[in-house]
Amino acid sequence: MLKSRSQTRWSADANSVKALCLGYSEVMLTLIEIGEDNNQKLGVQFEAKELHIKLKKKEVGITTIVWNTILQRINNTSIDLQKSTINLSVIVSVYESLIAFIHDVRNSFDNFELKSKSFNINSEFCDKRKRNLPNLEC
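Read left to right, the sequence shown gives residues 1482 to 1619 (the working numbering).
Printed below as a string of structure tokens:
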């Protein structure tokens, strides 16, 4: 079940992202059903269709996996650091391990892209948005 974003505990955000990551395909199917359900209000149908379009993007699927990976590791590190039996040498190694992990995430793009294929999303990245620059001619 998807969870709403917490305003007080960031670990709840980690749980919400994890729920989305684990149920990505099911969320997509549910959004399609809501978008096609004529018993729903038009605004609800529209919002479901728009959200489905966003979640279908390859970059959103990959970003979900990346954030889930990072947030789960940070959450686990936080839990470890809150243990009453932890000592200073362990704290230093836990932080060093977290820093190394986050550096390794940068080099794991291909792995994240491969995992995203299970989400049934677009196979290609969206075109870059074109910025409309103001005309500076006088």
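Cβ coordinates follow ideal geometry from the N, Cα and C atoms, glycine included.
Practice prompt. Find out if the Cβ-Cβ distance for the pair N1549, K1499 is shorter than 7 Å.
Written response: yes
Fill in: Distance between E1577 and G1504 (C-alpha atoms, nearest Å)
32 Å
Worksheet item: Do you know offhand how far E1531's Cα is from C1607's?
Response: 15 Å
Discussion item. Suppose you measure from the CA of S1599 to the CA of I1534; what does that come to, to the nearest Å?
Written reply: 17 Å
Discussion item. So, does the region 1538–1557 touch the region 1581–1596, judging by three or more C-beta pairs under 8 Å?
Written reply: Touching, yes, given that three or more Cβ pairs across the two stretches are closer than 8 Å.
Worksheet item: Which same chain residues, not among the five before or five after N1601, have their C-beta less than 7 Å away from its C-beta?
Response: S1506, M1509
Discussion item. E1605 and I1543 - do their beta-carbons sit closer together than 7 Å?
Written reply: no
Worksheet item: I think I1572 touches L1562, with their Cβ atoms under 8 Å apart; what is that distance to the nearest whole Å?
Response: Yes, I1572 and L1562 are in contact; Cβ-Cβ is about 6 Å, under 8 Å.
Item to complete: With distances taken Cα to Cα, identify the nearest neighbour of C1541 among E1528, R1587, L1501.
Response: Per the sequence presented here, residue 1541 reads as Val, with Cys not at that position. Checking every option, the nearest Cα to that of V1541 belongs to L1501.
Worksheet item: For Q1526, which of helix, strand or coil comes out of DSSP?
Response: Residue state, collapsed to three classes: helix.
Worksheet item: Roughly how many angstroms lie between the CA atoms of T1558 and E1514, to the nearest whole one?
Response: 38 Å
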